[in-house]
Amino acid sequence: AQTVTQSQPEMSVQEAETVTLSCTYDTSESNYYLFWYKQPPSRQMILVIRQEAYKQQNATENRFSVNFQKAAKSFSLKISDSQLGDTAMYFCAFMPTQGGSEKLVFGKGTKLTVNP
Amino acid sequence: NAGVTQTPKFRVLKTGQSMTLLCAQDMNHEYMYWYRQDPGMGLRLIHYSVGEGTTAKGEVPDGYNVSRLKKQNFLLGLESAAPSQTSVYFCASRRELTEAFFGQGTRLTVV
Numbered sequence: 020a021q022t023v024t025q026s027q028p029e030m031s032v033q034e035a036e037t038v039t040l041s042c043t044y045d046t047s048e049s050n051y052y053l054f055w056y057k058q059p060p061s062r063q064m065i066l067v068i069r070q071e072a073y074k075q076q077n078a079t080e081n082r083f084s085v086n087f088q089k090a091a092k093s094f095s096l097k098i099s100d101s102q103l104g105d106t107a108m109y110f111c112a113f114m115p116t117q118g119g120s121e122k123l124v125f126g127k128g129t130k131l132t133v134n135p
Numbered sequence: 411n412a413g414v415t416q417t418p419k420f421r422v423l424k425t426g427q428s429m430t431l432l433c434a435q436d437m438n439h440e441y442m443y444w445y446r447q448d449p450g451m452g453l454r455l456i457h458y459s460v461g462e463g464t465t466a467k468g469e470v471p472d473g474y475n476v477s478r479l480k481k482q483n484f485l486l487g488l489e490s491a492a493p494s495q496t497s498v499y500f501c502a503s504r505r506e507l508t509e510a511f512f513g514q515g516t517r518l519t520v521v
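One line per chain: the protein sequences are Y and L, in this order. Its first residue numbered 20, the first sequence is counted upward by one per residue in the numbering used here. Its first residue numbered 411, the second sequence is counted upward by one per residue in the numbering used here.
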């Protein structure tokens, strides 16, 4: 069974600085997707970024980028120029693309606080 | 475009009562999921469905039942609610090889 581990339950960063959230996963699959979701106090789950495992290039979305290390099974999220609105829970998620592709597995989350 | 809609948003139940949570999606998605979210536990999969008429157990299925009679709807039932089922419940849906879209969540309290 696949597992996703987020080793940082809580983190804080000063506004305008850069922060990196860690995520590791365990799988025997070779093809899969990885996601980062953001959950602000409103409780709504919002997709931040996605990465296809077959792509070597790291995904980026404006101030958000990932460092995908397939061999190490690591998928960290970097937030640049942190803003107060980035304060939220962040969840890393794994989804295989074949052989059990119906499952979407989440980590326990990292609570990020951006301080003014 | 409504996306994924959960009904109700809040509910308080007494121990032993039953209820059904409704999830409706208008995106013609094949896959649908029910998760529960508890502090420090992340999102844990309760049940899921890969298409109309199908259901399967997730990580924490005990005490819950589901049905997917129509493609757009995925129902989560609690037959005899227990305080341990106090949680925030999320429904999600997706197509093949895409990210999941989530409902706004249902906060359930069992007293």
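Ideal Cβ placement from N, Cα and C applies to all residues, glycine included.
Please report the straight-line C-alpha distance between residue i and residue j, rounded to a whole angstrom.
i	j	result
Gln-63/Y	Gln-416/L	12 Å
Ser-524/L	Phe-484/L	There is no way to answer for residue 524/L, as the model of chain L reaches only from 411 to 521.
Lys-424/L	Thr-516/L	16 Å
Ala-35/Y	Phe-113/Y	29 Å
His-439/L	Arg-504/L	5 Å
Gln-25/Y	Ser-41/Y	6 Å
Gly-104/Y	Ser-95/Y	20 Å
Val-520/L	Gln-27/Y	30 Å
Looking only at C-alpha atoms, which of the options sits nearest to residue i?
i	options	result
Tyr-458/L	Lys-130/Y, Ser-26/Y, Thr-129/Y and Leu-123/Y	Leu-123/Y
Phe-54/Y	Ser-93/Y, Val-133/Y, Ser-61/Y and Lys-130/Y	Ser-93/Y
Glu-462/L	Gln-482/L, Gly-487/L and Val-520/L	Gln-482/L
Applying a beta-carbon distance threshold of less than 8 Å, which residues of chain L neighbour residue i?
i	result
Met-30/Y	Ordered by position in chain L, no residue passes the 8 Å Cβ test against Met-30/Y, which lies about 15 Å from the chain.
So, at 8 Å on beta carbons, what are the nonlocal neighbours of residue i in its own chain, with the 5 sequence-adjacent residues on each side left out?
i	result
Glu-489/L	Ser-428, Gly-473 and Asn-475
Asn-134/Y	Ser-31, Val-32, Gln-33 and Glu-34
What does residue i touch in chain Y if you count any residue whose Cβ is under 7 Å from its own?
i	result
Glu-509/L	Phe-54, Leu-66 and Arg-69
Please report the residue range of the beta strand (DSSP E) in which residue i lies.
i	result
Asp-45/Y	43-45
Lys-481/L	Counting along the chain, Lys-481/L falls outside any beta strand (DSSP E), and DSSP gives it neither H nor E.
Under 7 Å between beta-carbons, which chain L residues line up against residue i? List them in chain order, please.
i	result
Glu-80/Y	By Cβ distance, chain L contributes nothing, its closest Cβ being about 12 Å from Glu-80/Y, past 7 Å.
Gln-27/Y	Correct list: empty, because the minimum Cβ distance to chain L is about 13 Å.
Can you name, in chain order, every residue of its own chain whose Cβ lies under 6 Å from the Cβ of residue i, other than the five neighbours on each side?
i	result
Val-498/L	Gln-447, Gly-515 and Arg-517
Thr-46/Y	Gln-21
Which bits of chain L does residue i rub up against, with CB to CB less than 9 Å?
i	result
Thr-132/Y	Residues of chain L passing the Cβ test: none, with the nearest at roughly 16 Å.
So, at 7 Å on beta carbons, what are the nonlocal neighbours of residue i in its own chain, with the 5 sequence-adjacent residues on each side left out?
i	result
Leu-453/L	Tyr-445, Gln-447 and Phe-500
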